[in-house]
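Read through the structure below, which is laid out as structure tokens, and then see the notes.
Number of protein chains: 2
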Amino acid sequence: MNRTHTNGELRLTDLGKTVTLSGWVAKKRDLGGLVFIDLRDRYGITQLAFNPDSPLYSQTLDIKSEYVLEITGTVIERSSKNPQLPTGDIEVDVASLTVLNKAKLPPLLIQDETDALENTRLKYRYLDLRRPVLQENFIVRHKTVQAVREFLNNEDFLDVETPILTKSTPEGARDYLVPSRLNEGKFYALPQSPQIFKQLLMVAGFEKYYQIAKCFRDEDLRSDRQPEFTQIDIEMSFMSQEDVLDVSERMIKYVMKKVKGIDLTEPFPRMTYNQAMNKYGVDKPDTRFDMKLVNITQLAAETTFGVFTNNIENGGIVKGITVKNGAELYSRKGIDKLTDFVKKLRAKGLAFVKLIDGELSGSIVKFFTDEQQQELISLAELEDNDLFLIVSDKAEVVHQSLGLLRNHIAKEQQLVDPEEYDFLWVIDWPMFEYRDEHQRYFSLHHPFTMVQETDIPLLDTAPDKALAYCYDLVVQGQELGGGSIRIHREDIQNKVFDILGISKEEQQQKFGFLLDALQYGTPPHGGIAFGLDRLIMLLVHTENIRDVVAFPKTNSGQCLLTEAPGIVSEEQLTELAIKTIK
Amino acid sequence: MNRTHTNGELRLTDLGKTVTLSGWVAKKRDLGGLVFIDLRDRYGITQLAFNPDSPLYSQTLDIKSEYVLEITGTVIERSSKNPQLPTGDIEVDVASLTVLNKAKLPPLLIQDETDALENTRLKYRYLDLRRPVLQENFIVRHKTVQAVREFLNNEDFLDVETPILTKSTPEGARDYLVPSRLNEGKFYALPQSPQIFKQLLMVAGFEKYYQIAKCFRDEDLRSDRQPEFTQIDIEMSFMSQEDVLDVSERMIKYVMKKVKGIDLTEPFPRMTYNQAMNKYGVDKPDTRFDMKLVNITQLAAETTFGVFTNNIENGGIVKGITVKNGAELYSRKGIDKLTDFVKKLRAKGLAFVKLIDGELSGSIVKFFTDEQQQELISLAELEDNDLFLIVSDKAEVVHQSLGLLRNHIAKEQQLVDPEEYDFLWVIDWPMFEYRDEHQRYFSLHHPFTMVQETDIPLLDTAPDKALAYCYDLVVQGQELGGGSIRIHREDIQNKVFDILGISKEEQQQKFGFLLDALQYGTPPHGGIAFGLDRLIMLLVHTENIRDVVAFPKTNSGQCLLTEAPGIVSEEQLTELAIKTIK
């Protein structure tokens, strides 16, 4: 066990040195007695050479892929260099060889591109993780948390651990439960986030808290959602929204510089929630490409197209997006597919016009006068060969369907650069949204979110118009983080609970200890949380969360490697005073 | 929200500056119109002064302890300085005052010494945590994890997260279970340690892993045990025991220097497991004081004292410890108490002799000849006024009872300095211990522990004599960390399972995936884990783990603040396909 160098380290400057290396056999080639082995470790690959007349030659005959070797030899210059490899100028002329361990034929190819099924990769995760491309993801993950911690430590934040065995909160997502043996019939819950605890730490006077925290939600799983996930959790006292945004922005810039070498010197742009919805249809706009939503409601109301005019009379709106060169890119069939896409998002249909040789075409054109057609061309900034896609519906449906259609087309037409990080703050979120189906207000963020100073009077007169100190950090059309300034005043907290229709009794039962805490000198405070898994996915360019989690679960919540979850004994259940029901 | 300074920061050099401060009212004194307020934050205390003729005077009348204030004023020199306080030379002449929040009368005194019951402190944990002495514990904890990470990052370790939702392992302590909604009738378990995952990361070629990892054991709780605890978890490939000890030792030295400013330059002493048991009676000796176990078996065998001779004939041993000045320190009644102490540890009794004015006294002296008495004085190195306490029993009972009695007396007589850190490696642990009651061998560490190279043949001939590559780091009589080199060879793993009497079927069922992994090129590897909570307890000198955990549970596993664990709804249980049994 005395390796002198890693397999990514040796260069021409090391010629003549006697070195000892360890690692795995990535590849072996036997050119009629002249044997080459690529030895791999976490740091790279070094080529080992075995002379045809070497006494080691016979030993190499048994060596297969993934054997673990330790070798000693001399660094020599390669006759045919490999410019793809950092160590490609040299090889090691092996003088002694020890097989530290053997390996069976692996059930998957251990290289960046593997054709194994994902289930095979997950069952043999320890082999899948040997693939350099995956190891690199975890090195990026390591560097990222290291950079985050460096930054926050320097800013005087305290890293404080909050409990994993905590209490079930009836709001939010579904909890994972843990039966308590010492308290029969009672259950702990795994935390959906450390929200309540970080607020209590502010009440406790910790002033600046952070934690890279495991969180748990028992929701149905997807390629970007695991039962347990990790967030960079931050809370600060005596700070305004501006302070939280400032620290967060500097942290993200620090990480991007440290991990990717990218200098983000400009301030992140800001957009209000309303601007985002109106121009991009979604609260997390991808601003790497244009194709903004164009409001043609006023124009549409003047046309003779009944679908438009009826909708507008019923309070609906009409908006569209301009697809550059779309007349060429999308045939009738292509547009049918886009129509199917928006129909799944509750839109009743997708109208369109094309501008070809200066002429508008499409079945709805006949409802527009010449003048209206010119206005449409002007509003939508149509140029020759452009396509304009239109949805007419309730605002909510128009925004969601066109917003997602916009992202869909950008992806389909490869309009986005994965290396462009368009960080963007979405601010000025409403405090509440009224849900018709429940006939009451709901918090857009959570019930502890502070109303903007100037909007406090609106809590009494028009709660739906009140804006919150609430903010999301968006990048590449995804929410990377979000947070708010919290309510520290008991009178405002009570008012917000009243608006949400939460009775005193319910308040006490659900949030009693937090309301108690408010009465003992709670400082003004606020915070933010960033999704670490998502951040790493963005940095390494993957859409599969399993590429950035060491031991992930399948979409049915199983670990194929350890076979978790598993059957447990009756004794275990009896001790916990529970039983399973069929 | 524009504080310019913290409350620990201002000095005479700041005289004349206009400053804005925030914080909590720690104390208010009204000297007939001249009002002083001690303003507290995480950083310290600053005295605020309100002039009797200040228009703010009337405002101060309403201010009570724990109100949250923001003030602006001028730094002036104090007339009566307070040398106890870093800011004691100055005060702030307040020009403007905002009450950011009010506070009810707190149910506990918010200062280092509080007389509140622990249950009150836990229910109002957010107030308890305001006490500067507790905040300081969490600052030490923060600095410690920061130092650990700095060190390990610099040594090229990768911080990798392992899962919290994992599989129940039938060995070890009791698991916390989590019912799976997506896999009815099956359960996840919370990890007792990341042991298996860190070994799999070595199989995966990560080479150097660490994690500050949450672990869970559903055991009965004590003042030094919480349901969830944190360990510094480390694993390395291509490394020997010597390498693991080296990295660990340098890490501990780095932490002691960074956190406590203590230079530990000498190598940590090493002791074999057998030396520790023979000389200290325990596997985690406190070496801050002497009082080693003296073996008088040979001498005792020659006496006429039947208790000794019968015991020795039955294979037992006789050992004692010398209490310096014990003849004065312990009366007959005092010795009775010590006897009760060892009886609880299964010893049948405690014999003793005292040396007073050159004469041995005690009821057993008559069974010793003059020569034997002289030999006893010599063996036990007795000086005038010393007490020698003797246990005669099976080796196991002698060692345990005298070992713990030794610690008990040291504590009672205050022989130990809490600032002396006597780090010590205990090495060369046996692979197995034979348990008569089960009539089979058990692993002393765990079944993946590697046998020492030279002892491999002993696995076939005398397993109980085989030593392991296994090591504990001990300090102040406590195990701070422990680990081992793991078995990477399938043939040795099979042999160890055979010795432990674990059938092939059982092996496959319990450790199948780890045994599979051994066949695909597992590198030599080993590691160690340190108890973080215990380390912090040592650094801040507390014996109560709740002083170093932000939101701890009581001994019955309850969080008195959030009232976890709690009752959950029938719907939640039904979704999880479980029910409680009464």
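Going down the list, the sequences are from chains A and B.
1 is the number of the first residue of the first sequence in this note's numbering; add one for each residue after it.
1001 is the number of the first residue of the second sequence in this note's numbering; add one for each residue after it.
Idealized CB from N, CA, C, for every residue including glycine.
Checking contacts by CB at 9 Å: is residue i closer than that to chain A?
{"i": "B:D1233", "result": "no"}
{"i": "B:D1128", "result": "yes"}
{"i": "B:N1183", "result": "yes"}
{"i": "B:F1206", "result": "yes"}
{"i": "B:Q1519", "result": "yes"}
{"i": "B:P1447", "result": "no"}
{"i": "B:T1166", "result": "yes"}
My understanding is that residue i touches residue j, with C-beta atoms under 8 Å, so please give their C-beta distance in whole angstroms.
{"i": "B:F1341", "j": "B:H1408", "result": "6 Å"}
{"i": "B:V1549", "j": "B:V1540", "result": "No, B:V1549 and B:V1540 are not in contact; Cβ-Cβ is about 12 Å, not under 8 Å."}
{"i": "A:L158", "j": "B:I1536", "result": "Actually they do not touch by this definition, with Cβ atoms about 13 Å apart."}
{"i": "B:Q1508", "j": "B:L1515", "result": "7 Å"}
{"i": "A:E91", "j": "A:L48", "result": "7 Å"}
{"i": "B:V1025", "j": "B:H1005", "result": "So it is not a contact: roughly 17 Å between Cβ atoms."}
{"i": "A:F583", "j": "A:I499", "result": "Nothing can be reported for residue 583 of chain A, as the shown portion of chain A is limited to 1 through 582."}
DSSP puts residue i in a beta bridge; with which residues?
{"i": "B:D1283", "result": "Answer by DSSP bridge pairing: none, since B:D1283 is not bridged."}
{"i": "A:A189", "result": "A:T166 and A:L177"}
{"i": "B:S1096", "result": "B:T1072"}
{"i": "A:E91", "result": "A:I76"}
{"i": "B:E1359", "result": "B:I1356"}
{"i": "B:R1225", "result": "B:R1222"}
{"i": "B:D1030", "result": "B:V1035"}
{"i": "B:K1292", "result": "Paired residues: none, contrary to the question."}
{"i": "B:V1475", "result": "B:Q1478"}
{"i": "A:D41", "result": "A:G44"}
{"i": "A:T322", "result": "A:F388"}
Under the rule that 16 or more other beta-carbon atoms within 10 Å means buried, what is residue i, buried or exposed?
{"i": "A:L293", "result": "buried"}
{"i": "B:I1567", "result": "exposed"}
{"i": "A:R332", "result": "exposed"}
{"i": "B:A1462", "result": "exposed"}
{"i": "B:R1406", "result": "buried"}
{"i": "B:I1335", "result": "buried"}
{"i": "B:P1565", "result": "buried"}
{"i": "A:S22", "result": "buried"}
{"i": "B:V1133", "result": "exposed"}
{"i": "B:S1401", "result": "buried"}
{"i": "A:G512", "result": "exposed"}
{"i": "A:P83", "result": "exposed"}
{"i": "A:K465", "result": "exposed"}
{"i": "A:S237", "result": "buried"}
{"i": "B:P1552", "result": "buried"}
{"i": "A:H488", "result": "buried"}
{"i": "B:N1137", "result": "buried"}
{"i": "A:H438", "result": "exposed"}
Please confirm if residue i has its CB atom under 9 Å from at least one CB of chain B.
{"i": "A:Q111", "result": "no"}
{"i": "A:R40", "result": "yes"}
{"i": "A:P657", "result": "Chain A is shown from 1 up to 582; residue 657 of chain A falls before or after that span and cannot be answered."}
{"i": "A:T68", "result": "Rather than Thr, the amino acid found at residue 68 of chain A in this sequence is Val. Yes, A:V68 lies at the interface with chain B (some Cβ there is under 9 Å from its Cβ)."}
{"i": "A:W429", "result": "no"}
{"i": "A:D455", "result": "no"}
{"i": "A:K579", "result": "yes"}
Check the Cβ-Cβ distances between residue i and every residue of chain D, and say whether any is below 9 Å.
{"i": "A:N119", "result": "The question asks about chain D, but that chain is absent: this structure's protein chains are A and B."}
Contact the region 1252–1259 of chain B vs the region 1143–1161 of chain B: 3+ CB pairs below 8 Å: yes
Would you call the region 518–532 of chain A and the region 112–125 of chain A in contact, with 3 or more CB pairs under 8 Å? no
For the pair the region 1208–1228 of chain B and the region 1175–1186 of chain B, tell me if three or more CB-CB distances fall below 8 Å. yes
Answer yes if the region 75–93 of chain A comes into contact with the region 7–15 of chain A, meaning at least three C-beta pairs across the two stretches below 8 Å, and no otherwise. yes
With a cut-off of 8 Å, do at least 3 Cβ pairs link the region 1475–1486 of chain B to the region 1526–1535 of chain B? yes
Count Cβ pairs between the region 357–374 of chain A and the region 270–284 of chain A that sit closer than 8 Å; are there 3 or more? no
Would you call the region 433–443 of chain A and the region 294–303 of chain A in contact, with 3 or more CB pairs under 8 Å? no
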